[in-house]
Amino acid sequence: MRQESQTNETLQNMLENLSSIFPTMRNSSEAYLPAEFRWTATLAYSTTALVGVFGNLLVIGVVLSMKGMISPTNCYLVSLAAADCLCFLSSTPTEIVWMHVPEDVYIFGEIGCRLLTFLSFLAINASSLSIAAFTLERYIGICHPMKAQFICTIKRAKMIICFIWIFSVLYTSPWLFLTGLSPLDYEDWKDACRCTFKMNRSNYKAIFMTDMLLFYWIPFFLYIVVYGRIVFTLYGNYRDLCCKKTSTKLKRKLGSFVEIDEMTSANFCIVSTRRSVRSNRSRVQIVNMLIAIVFTFTICWLPYRGLVVYNSFASQPWIEKWYLLVAKTMIYINCALNPILYHAMSAKFRGAFRQVFRQLLRMITGK
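With our numbering, the residue at position 358 of the sequence shown is 472, and numbering never jumps.
Below, the structure written as structure tokens:
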């Protein structure tokens, strides 16, 4: 009896050792995400993707084809729209498919894993740099108008955009080699693989922290300083214009006591002041739109960026599927929201969008 019990104990130990080496295989049918989560995520991702791709392509088409729409600021907005489109096209298909296959299964192959990861990070970085570029462009245009005549040109804007995308490609290119496929243990899906990091998770801390610093925190503090200065300058201009207006009105009332040449000067000043007021209003409108873009970018990216940094340092990564869904949806909302902000806050974009829709309507109806 003792020998039999020892034999059973030995067999049990062997089985435990084997199970630690070869984990229990799962059935893929048991590894799907809950149905309510899958369909909520699918609806959120697909809706934002459709709205975002259509809206951003419309922005690109409007700026490049409509007369009078090409300006340095709008060139940067085209770059931002292209980055947002790339973000949708490189990430939403994999996210939606991932919802409807067994947990962690990746069906786009080794090349898809590397390339789509690279393109997603490329879009994120190019988007952040495009926002920083038009922020600095508006700062120079408003706070240093004399320098802006030589610095803020369309040709220079195109050169800066080329630099932004080349730098983003070079900076992001390591992701082509840092990700790859690893096999999954599904007994009824022998070739199942996940797209994952090639190295230990802790080795990616430096990358994620550098990303957070270069493409989130440094731009964030830059926006605070720059837009604060812009608002202060615009307020000063508005106050000066109000003083000029009051002065010219007073001269008109005292016309009988003012010499003819002074009256002519006053009339010229009125015309000049009106033009300046219109110009200042246009500048304020553009700045308000750009501040709204920066604000939505900062708010919408914070949950996901924060999670990535936290998981880089945590001993056990925190992955709450509903939090992740909200964080990713906020990113997609940010990418889809920019064209809506242009329409809501820029009279020039509103007019251009209406003109495009009228042309499309004529083409469809044949009238």
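All residues carry an ideal CB built from backbone N, CA and C; glycine is no exception.
All values reported here derive from a predicted model rather than from experimental measurement.
- If you draw a straight line from the Cα of Ala158 to the Cα of Thr443, it comes to about 7 Å.
- Of all alpha-carbon atoms in Leu298, Glu209, Thr479 and Gly465, the one lying nearest the alpha-carbon of Ala441 is that of Glu209.
- Counting only residues of its own chain and dropping the five nearest sequence neighbours on each side, Ser193 has a CB closer than 6 Å to the CB of Ser244 and Ile275.
- Leu178 is bridged by DSSP to nothing; it lacks a bridge partner.
- When only Cα atoms are considered, Val167 and Phe202 end up about 7 Å apart.
- Taking a cut-off of 8 Å for Cβ pairs, the segment 169-182 and the segment 454-473 touch, as three or more such pairs fall below it.
- In the displayed model, Tyr341 falls within a helix according to three-state DSSP.
- Note that the segment 273-288 touches the segment 232-240; at least 3 beta-carbon pairs, one per stretch, sit closer than 8 Å.
- Per the coordinates, the alpha-carbon of Ser205 lies some 7 Å from the alpha-carbon of Leu230.
- With at least 16 other beta carbons inside 10 angstroms of its own, Thr249 counts as buried.
- For Ile445, the closest C-alpha among the options Trp415, Phe264 and Ser460 is that of Trp415.
- Residue pairing by DSSP places Phe311 opposite Thr293 in a beta bridge.
- Between Gly182 and Glu224, the alpha-carbon positions lie close to 45 Å from each other.
- Scanning its chain for C-beta atoms nearer than 7 Å, with the 5 sequence neighbours on each side dropped, one finds no residue around Leu438.
- Ile265 places its beta carbon 7 Å or farther from that of Pro186.
- For Trp436, the enclosing alpha helix (DSSP H) stretches over residues Lys435 to Met459.
- Here Val211 has Ile221 as same chain residues with Cβ atoms under 7 Å from its own Cβ, once five neighbours each way along the sequence are excluded.
- Trp212: member of the alpha helix (DSSP H) spanning Pro186 to Met213, first to last residue.
- If you ignore the 5 residues before and after Ile407, its C-beta comes within less than 7 Å of the C-beta of Ile245, Asn452 and Leu455, all in its own chain and listed in chain order.
- With 16 or more other CB atoms across the displayed protein chains lying within 10 angstroms of its CB, Leu200 is buried.
- Ile413 sits exposed, since fewer than 16 C-beta atoms from the chains shown fall within 10 Å of its C-beta.
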